[in-house]
Every structure is written in C-alpha cells, then in structure tokens.
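Chains R and C supply the protein sequences, listed in that same order. If you're matching positions, the first sequence starts at 1 in the working numbering and goes up one per residue. If you're matching positions, the second sequence starts at 1001 in the working numbering and goes up one per residue. Just so you know, even glycine gets a beta-carbon here, dropped at the ideal spot from N, CA and C. Remarks on the structure that follows.
2 protein chains.
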Amino acid sequence: MKQTAQILRIRLILALVTTLLVYVEGFSQKNIKVDENTQQAIFPKGKQGPAENFTGKAFNYGLLDNDSTYNTVIGNVLFEPGARSNWHKHPAGQILIITAGEGFHQIKGKPIEKMRKGDVVKCPPNVEHWHGATPDSSLHQMYIIPNTGKGIVEWLQPVTDKEYNAFK
Amino acid sequence: MKQTAQILRIRLILALVTTLLVYVEGFSQKNIKVDENTQQAIFPKGKQGPAENFTGKAFNYGLLDNDSTYNTVIGNVLFEPGARSNWHKHPAGQILIITAGEGFHQIKGKPIEKMRKGDVVKCPPNVEHWHGATPDSSLHQMYIIPNTGKGIVEWLQPVTDKEYNAFK
Chain R
1 MKQTAQILRI RLILALVTTL LVYVEGFSQK NIKVDENTQQ AIFPKGKQGP
51 AENFTGKAFN YGLLDNDSTY NTVIGNVLFE PGARSNWHKH PAGQILIITA
101 GEGFHQIKGK PIEKMRKGDV VKCPPNVEHW HGATPDSSLH QMYIIPNTGK
151 GIVEWLQPVT DKEYNAFK
Chain C
1001 MKQTAQILRI RLILALVTTL LVYVEGFSQK NIKVDENTQQ AIFPKGKQGP
1051 AENFTGKAFN YGLLDNDSTY NTVIGNVLFE PGARSNWHKH PAGQILIITA
1101 GEGFHQIKGK PIEKMRKGDV VKCPPNVEHW HGATPDSSLH QMYIIPNTGK
1151 GIVEWLQPVT DKEYNAFK
C-alpha cells in the first residue's frame, strides 16, 4: 500500500510538471508571435483604404507626400489576409518593396506571382495590375511612385474572387 | 527510513524539473533573439562600401538600379555600430527610411539628429549631409534617390570623430 501511494504521488508530480512545461512552452511561443508582429510593423497601421478601390481590409500609411522637389510618392500598405487592390495603372510606374508577410501581384494577361519579404517588384508605366495579400498571410508592402509629374494612379475595376483564386 | 528515501526522491525530481524549466526558458529566449535579428534583416547584407566613402563597416544592397523608366535608385545600407558615410550631396535629393536599429543624420551647419525604426528623413537637393549608425546600435536604412537625370551622388570628406561625437 505504502509503495502504491508513493508511486501515485510521483505520478501526480510528473503530471503537474508536464502541465507546467506545456504552459511555459505555450507562453514562450505566444511571446515569439507577438514579437514577430511588432518587428514586422515598421510603420503605424494607417487609414483603411476605401471600398471602391480595395476588396477586404487594406490600410495605407503615407511616408512621403507628392511635391515639386522629389516628384515621388512613398507609402506603406498593410493588406490583411485575402485583401487586395482593384486593378489600376500608374502613368509613371510603381516599385513595390515587401517588408513582411506574403502577397500576390499580377500584370494583366500574365499569371499571378507570389511576393515575399525582401522582394522588389516593378510595375511598368501604364500597365494594368493589382496587388494584395495571400489568403493566409497579411502583407506589409511599401510603394514608391516616381515621376509624379506624369500622374499618380488611375483606379479600375475590382479583382474578382475568380481572378484572385486563379493562383497556382 | 522509507519516508526519508521518499522525500529525497521527490526532492530529486523537483530539482530535475527546475533544471529543465530553466533550460526551456533559456532556449525560448535564445529563439526570440535569433528571431529579432532575422526579422530586422529584410534584405541580404550586400557588399561593403569603399573606405574612401565610409568610416567603419557599411554594407550596400541594391534594390533598384537607375534606368530611364523610373529615374530612381533604391537600396539598403546596413551600418554597423559607429559606422557612417562621408559628407555628401545628391543633386536631386534623397529620402531615407529606417527599417531597424538607430542612427544619426546631420545636415551641414545643423545639429545631429537621431533616426529610429519607422522614421522618414528628407535630404534636400545639393545639401551637404551624412548619415550612419549610433555608437551602440546598427542601422538598417533604405535610401531612395529620385530624378536621377539630375545626378546621383557627389562624395566629399569623411565625418571626423569630433563631428560624429558631437551628438547631444
């Protein structure tokens, strides 16, 4: 009897320890996740883009306003998973720089291309295109529009679910 | 005697558990640290800048080469702690965007200003200036040079230790 009680006590301690370990492990992983998000967010979230130009939630934070000195517009867009811009064109083109997450980019008539952290994408002048997050990941994306004397952006029709889901 | 042996066994288990917990905690913290560095480095380190233009170690990674479509040069510089550019000028100006770490920036005749993650700094056309890391932190810094038809960069004299250490 004494031996059985002893074994039971040790088992109880081991069960408690396992629970504690699982808790500590979970807590650490949660910390890592929070840290990742903090690191990825270089800029404030900004203002939600209007529904007439975006499907889903996309937030724009301006970094450089247009002026006659730099002739350039710079900003950051945070696309939530599944969110994307409408089709649109830039008279002088646009450069995208991905700082975190994963996204899609498509030039009219070409297949959808995946964009990842560190990627640089050129959108040539007057070419119809769209960009946004993948269904499972948010996208942190800087944009640089040069030579703004030629114009900044011309918004077109939304990217349909069929077009968005065509990624292979 | 039996009871003493039992207590000793339980104490041994608790000691082992404490050791294990300390190990798990240490392992998690190590993971967080590695993760921070990975997160900050959006781009590859690139190529070390030449000693005639930089004091200390600064690594340049090109993101957009100059061409007649975008008329823009984009790149990333990783300054190690204490490293800085020479004084220099851009005929069409330059925009700095800080993605991680801390740095200094100074326009000739004005005090040194501190730059932090998320900051955007305008360097007006033809104004003598320098930028670099603080003594204690590296600096991850994107640069955007617009209107390259006017020229890209004119390198000048090094920033002396006296000039660099004048930050208050």
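Apply the 10 Å Cβ neighbour rule to Ile157/R and answer buried if 16 or more other Cβ atoms are within range, or exposed otherwise.
-> Note on identity: in this sequence residue 157/R is Gln, with Ile being the wrong assignment. The residue is exposed, with fewer than 16 neighbouring Cβ atoms inside 10 Å.
State buried or exposed for Phe1167/C, treating a residue as buried only when at least 16 other CB atoms are found within 10 Å of its CB.
-> exposed
Proximal chain R residues relative to Tyr1070/C, where beta-carbon distance stays under 7 Å | Gly93, Ile95 and Pro146
From Leu20/R to Ala5/R, what distance separates their C-alpha atoms?
-> 23 Å
Where the beta strand (DSSP E) through Glu128/R begins and ends = No beta strand (DSSP E) holds Glu128/R; DSSP gives it neither H nor E.
Could you tell me which chain R residues have their CB closer than 7 Å to the CB of Ile1042/C, listed as they occur along the chain?
-> Thr99, Lys117 and Gly118
Can you have a look at Pro44/R and say buried or exposed, based on whether 16 or more other CB atoms are within 10 angstroms of its CB?
-> exposed
Of all the CB atoms in chain R, is at least one closer than 9 Å to the CB of Ile1152/C?
-> no
Please classify Leu63/R: does DSSP put it in a helix, a strand, or coil?
-> strand
Would you verify that the beta carbon of Leu1008/C is, or is not, closer than 9 Å to some beta carbon of chain R?
-> no
What is the rounded straight-line gap between the Cα of Gln1106/C and the Cα of His1140/C?
-> 17 Å
9 Å Cβ cutoff met for Gly103/R and Phe79/R | yes
Identify which residue in Ala1092/C, Arg1009/C and Leu1008/C has its Cα closest to the Cα of Asn1126/C.
-> Ala1092/C
Asn71/R to Thr134/R span [Cα, whole Å] = 31 Å
Any C-beta of chain C sitting closer than 9 Å to the C-beta of Leu78/R?
-> no
Could you pull the start and end residues of the alpha helix (DSSP H) that Tyr1164/C belongs to?
-> Asp1161 to Tyr1164
Inspect the beta-carbon positions of Asn1086/C and Ile1152/C and report whether they are closer than 9 Å.
-> no
If you drop the 5 nearest sequence neighbours on each side, which residues of the same chain put their C-beta closer than 8 Å to that of Lys47/R?
-> Phe59, Asn60 and Tyr61
Going by DSSP, what residues sit across from Val120/R in a beta bridge?
-> Ile97/R
Could you check which residue in Val1159/C, Val1120/C and Glu1154/C has the C-alpha nearest to that of Val73/R?
-> Val1120/C
Under the three-state DSSP convention, the category Gly1149/C falls into = helix
Quick one: Cα of Gly75/R to Cα of Leu12/R, how far?
-> 57 Å
Leaving out five residues on either side along the sequence, give the residues of the same chain with a beta carbon under 7 Å from the beta carbon of Trp155/R.
-> Asn53, Asn86 and His88
State the Cα-Cα distance for the pair Gly56/R and Ser138/R, rounded to the nearest angstrom.
-> 11 Å
Please list the partners that Pro125/R has in chain C, where partner means a Cβ-to-Cβ separation under 8 Å.
-> Thr1069
Determine the chain C residues that contact Ile13/R at a beta-carbon separation under 9 Å, and present them in chain order.
-> Ile1010, Ile1013, Leu1014 and Val1017
Look up Thr69/R in the DSSP assignment and say whether it is helix, strand or coil.
-> coil
Hey, Gly116/R and Ile98/R: beta-carbon distance below 9 Å or not?
-> The amino acid occupying residue 116/R in the given sequence is Arg; Gly does not appear at that position. Their beta carbons are under 9 Å apart, which means Arg116/R touches Ile98/R by this criterion.
Using a Cβ-Cβ cut-off of 9 Å, state whether Ile74/R counts as contacting chain C.
-> yes
Partners in chain R for Leu1139/C, counting only beta-carbon separations shorter than 9 Å | Those do not exist, as Leu1139/C stays about 13 Å from chain R at its closest Cβ, beyond 9 Å.
Can you tell me which of the three DSSP states Gln1157/C falls into?
-> coil
Whole-number beta carbon distance between Tyr143/R and Val77/R, since they are thought to touch under 8 Å = 7 Å
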